[in-house]
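Encoded as structure tokens, the structure appears first; notes follow it.
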Amino acid sequence: MKKEFANFKEFYPFYIDEHKNKYTKLTHFIGSWFFFYFIANLVMTGDFKFLAYALIAGYGWAWFGHFLLKKTNLPLLNPPF
């Protein structure tokens, strides 16, 4: 059953609950770090391949945390709104 939220205030506790696992937090941190690393490379070099790398690394690590470590569906694949 899909959860429905009327606004962000109702959604935020669900979001926090989905990310309370320490391994999920770790994989999101790693993904965020790589995202910003590749964006910095994009800015410094102007090479847009780094944008693709940033998106792949950022989402890849987050998805790894949700699918393989937490064994849940991605919130992105089940949007709450």
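Just so we're aligned: 71 in this note's numbering is position 7 of the sequence shown, and the numbers increase by one with no gaps anywhere.
The beta carbon of each residue, even a glycine, is placed where N, CA and C say it ideally should be.
Residue 110 counts as exposed, since fewer than 16 other C-beta atoms from the protein chains shown sit within 10 angstroms of its C-beta.
Boundaries of the alpha helix (DSSP H) around residue 115: 113-128. Shortest Cα-Cα distance from residue 132 to any of 116, 75, 105, 91 involves 91. Here residue 67 carries a coil assignment [DSSP, helix/strand/coil]. Approximately 16 Å separates the beta-carbon atoms of residue 118 and residue 128; this is outside 8 Å, ruling out the contact.
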